[in-house]
Structure formats: structure tokens, C-alpha cells
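Taking the numbering used here, the leading residue of the sequence shown gets 7, the next gets one more, and so forth.
Right, one structure below, let's go through it.
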Amino acid sequence: MSRTVRALAAAAAALALVSACNSAAPSGHGDGASNASGPTRGVTDTSVKVGGIVSMTSASGYSKKDTDLGARARFLRANAEGGVQGRRIDYIGAEDDGQDPGRNLAAARKLVQQDEVFAVAPMSSVTFSGADFLQQEKVPTFGWGTLPSFCGPQYAYGFNGCLVPSPGGTLNQTWPEGIAKVLGGAGGKSVAIVANDSDAGKFGIRTFQQGFAAAGFTVSYAKASVPAAAVPSDWSAYVKEILGGDGGRAPDAIVSVMQTPNNIGLFTALKRAGYRGVLTDPTDYDPGLLAKDAARQALDGVYVLLQFEPFESTGPKMAQFKADIKAASGGQDVPLNMHMLTGYMSADLFLSIAQKAGRDLTLTHFQNAAQSFSDTGTLVGDRAEPKGQKDSFGCGALVRLTGGAYEVAVPFACHEPVPFK
């Protein structure tokens, strides 16, 4: 277990009680051995059971609930096409962890000990305190590799690789290289990076600070100082500090590694303070936000990092994604968002490895298949394992909200990663 995962697990006061329960009541399925339903936990002759963990709710009101819809859409198509090696995917839906560490671990325990799933897909939250438990129980887990728990553990897989690497890994340079293109080059340009005061925020600061510096930017400000539990009502102190971080000279770009409610507050305050530089974040690619005047105004002009093909793309893979989401939504056209694609690609990576594992689906065969897995031309670029457990897949794009609509500002492309120190 890494120091990072230990620190994340220790973050919640309630975790000690849950951990005590864990040690007192072992699941008995830690080796994926036989149970009443078949030779491998969650696997029968006709089905494979999968469940998810998603922050459907949160204290700030932010929700990743459409991650569940994305996963459901991909599994629905897989079943329509005959399943995986003749087995139907029994997707039981996602548990809501409320972005709470204790609930995240409780959800992981429920999926394994009560529901007896073979895999967890998707796992989408800013907290992953259930990571150690799932690793101990040998449960293949798929999600967005923005947390250190997706970087190194044997059974965890980021759908676009590891985005928060440990020393010896690499950094995805999509964001720095994209902003450099927007600004006409990084030379002589400065960036300020701001994040929540959380484990995820601190790792975001560490990684993006290195990435932007490697691209040639001067990093004038880099702090994980915004409270994670509640959105500040007054942003003036943050704005003053960010704009004055380079001897009183405002940065050329302000990089927010935060969620939508914080971005709306910070960007609104920056605009009111007269800031005219580049604003960018990795979160706010969501057409649903455009229905709200305050959100639309706050995010107008903001460049959003995508680590997948933009929805505006016209290729066959994106067309298939849109058709699958529509089918899972009962034939209704629904606004697309990045959470849907997070769930969809988490499910897609699981399905691809399971298909390679063959008809005799056991944990050993699945892991062996993962150790030599690769494919090309997906919505997140080329994929490979176990490379993805240490490095990102290195691809992405930037979109910009302009006049109430998103447009592609920097097209989807792959960039050579840089070493993480």
C-alpha cells in the first residue's frame, strides 16, 4: 500500500470504525475463489456481475450521477451484441458515496461482500478510501485515473491511464501544451494553479505544477488552499493572492483543479476584479450548465480540458457513443456530459479486457489478459496495460464555452508525456 493511499484512507474520522468492522468480518472471497453462484465471485456460466461507486450527491450539490448512465449505456450495448464470450453483463448500478470517505469504503464493502461483484466499474469520486479494500479483495476496478489509487495497484485501471503518477511515472501534457497553443507559446508566460485543500487537490497541484513548468511556463502561484467541504462565499482573498503571485503581475492563465461550484465562484470573482487572461479547468464540459444564467456567464470563455474526443467530433466512435447514450435514455436525446463518458469508457475498458480473457473467465485469466492488453483508436486514444497503471495514455483536447455553446479550441491529439519527479 502506498503512503498516498494510506493518507487518503485516514482522511475521514469515520473510517476507523468502518475499518474495525472490516477486520472483524472478513468477506471470505479475497482470492476470488468459488462461491454459491459459480467458480469465481460474480461469474456464472451465463453472466458477469459488475457494480459501480459514484458520487451521485455531495455537500456542495455537485453530482457525477450521469457516470452511472454512461456505464449502463456501454453495458447495454455489450449485452445486445451477445455479452462477453457469451456471458451477459449483470450491471447492478452504482452506489452513491456522497464524496465521503467512509461511505466510499462502505460502498466497496457492500459490492464485494453482499453483492459479490466480479468487478467495480465505474468508480468515480474525489475520494477512494475503498481502494485498499478492493485491492485486498482482488477486485478489478475501473474509473478515471485522477486519483493516486489508480496509479500502481495491481487491480485498479484508469480508463485513460494513470493521471497522478508516482515518481518514475510520467505526466500527461495535454493541458500545458493546449494552453501553450492558446497563448501562442509558453515562453515568457505565467500560470497560477489553484485547487481544493484535499488529497486530490494537493496531488493535482504537484502534478500540474511540474507539467506546466516542463512545457515552459513560469508557475507564479500553486496552492491547494480552497476548502474542500464547502464553497467559499467570499473569494476576494483568493483573487488577491492569485493575481498578485508574480510580484503584482497577473498570470497569463489561471488553472483551476476544482469542481464546478468552486469554478463558478472563483471565475466570477476574477472577472469582476478585471482579470482578462485565460481561465481553464478540467471539469466544466457539461451542456446542462448552459441552462443556468449564472453558470453560463461565469464559465463563458473558459477553456476546459478533455482527456477524450470532444462531443463535437464527427467520427464513428463518437457517433456510437451518442447512439448508446440515447438508447440507455429510453430513446430520448439528453445533453451529453463528461461524466457519461467517464462511466462509458470505464465500462469499455473492462469489457475489452474481459473479452481478451476468453470464455474461461477467472480472476487469474482476467489479470493475465490485462498484462498484455492494448488497442488503438478509442475515444481516449491508444490504450495499453500495464502501462496505464503507471502512465497516462497522453491524449486530449481543449474546448471553450463561447456565446452559450462549446467549440473545439485545441483538437484532440496525443502528446509525449514527461517524467514525473
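Note that CB positions come from ideal geometry on N, CA and C, so glycine has one too.
Could you tell me the distance, in whole angstroms, from the CA atom of Tyr97 to the CA atom of Leu249?
-> Counting from 1 along the sequence shown, the entry for residue 97 is found at position 91. Counting from 1 along the sequence shown, the entry for residue 249 is found at position 243. One Cα belongs to Tyr97, the other to Leu249, and the distance between them is close to 48 Å.
Anticipated Cβ contact below 8 Å, Leu407 with Leu305, distance rounded = For the purposes of this step, residue 407 is taken as residue 401 along the sequence shown, with counting starting at 1. For the purposes of this step, residue 305 is taken as residue 299 along the sequence shown, with counting starting at 1. Indeed, because the Cβ distance is near 5 Å, the residues count as touching under 8 Å.
Who are the near neighbours of Arg12 in its chain, counting only those whose CB is closer than 7 Å to its CB and skipping five residues on each side?
-> Residue 12 sits at position 6 when you count from the first residue of the sequence shown. Low per-residue confidence applies at Arg12: pLDDT is 39, beneath 50, and the placement is therefore not dependable enough to give any value.
For Leu295 versus Val245, is the C-beta distance shorter than 7 Å?
-> Mapped onto the sequence shown, residue 295 falls at position 289. Mapped onto the sequence shown, residue 245 falls at position 239. The beta carbons of Leu295 and Val245 sit no closer together than 7 Å.
Where Ala42 sits in the DSSP three-state scheme | Within the sequence shown, residue 42 is the residue found at index 36, counting from 1. For Ala42, the predicted structure reports a pLDDT of 40, less than 50, and the residue's modelled location is therefore unreliable. The matter cannot be settled from this model.
Ser53 classed as buried or exposed, judged by whether at least 16 other C-beta atoms fall within 10 angstroms | Here the question's residue 53 lines up with position 47 in the sequence shown. It counts as buried.
Give a single yes or no on whether Gln216 has its beta carbon closer than 6 Å to a heavy atom of the ligand MG.
-> With respect to small molecules bound, the structure shown includes none, and the ligand MG cannot be examined in it.
Using the DSSP secondary-structure output, state which residues sit across from Phe165 in a beta bridge.
-> Locating residue 165 in the sequence shown gives position 159, counting from the first residue. Partner(s): Gly167.
Buried or exposed: where does Asp299 fall if 16 or more other Cβ atoms within 10 Å of its Cβ makes it buried?
-> Working through the sequence shown from its first residue, we reach residue 299 at position 293. The residue is exposed, with fewer than 16 neighbouring Cβ atoms inside 10 Å.
Cβ contact check for the stretch 350-361 and the stretch 335-342: 3 or more pairs under 8 Å | The stretch 350-361 and the stretch 335-342 do not touch, with fewer than 3 CB-CB distances between them shorter than 8 Å.
Outcome for Pro425 when other beta-carbon atoms lying within 10 angstroms are tallied against a minimum of 16 | Stepping through the sequence shown from its first residue, residue 425 is reached at position 419. If you draw a 10 Å sphere on the C-beta of Pro425, you find fewer than 16 other C-beta atoms in it, and that means exposed.
Could you tell me which residues DSSP puts in a beta bridge with Cys401?
-> Counting from one through the sequence shown, the residue named residue 401 turns up at place 395. Residue pairing for Cys401: DSSP places it in a beta bridge opposite Cys420.
In angstroms with no decimal places, state the Cα-to-Cα distance between Arg47 and Glu122.
-> In the sequence shown, the residue the question calls residue 47 occupies position 41. In the sequence shown, the residue the question calls residue 122 occupies position 116. Their Cα atoms are separated by approximately 6 Å.
May I ask you to report which of helix, strand or coil DSSP gives Pro128?
-> Numbered from its first residue, the sequence shown carries residue 128 at position 122. Strand at Pro128.
So, are the CB atoms of Thr73 and Pro128 less than 7 Å apart?
-> Indexing the sequence shown from 1 puts residue 73 at position 67. Indexing the sequence shown from 1 puts residue 128 at position 122. For Thr73 and Pro128, yes; Cβs fall inside 7 Å.
How is Asn343 classed by DSSP in three states: helix, strand or coil?
-> Residue 343 sits at position 337 when you count from the first residue of the sequence shown. Asn343: coil per DSSP, three-state reduction.
Where do the ends of the alpha helix (DSSP H) carrying Lys277 lie?
-> As a first step, residue 277 must be located in the sequence shown, where it is residue number 271. Lys277 -> alpha helix (DSSP H) spans Thr266 to Arg278.
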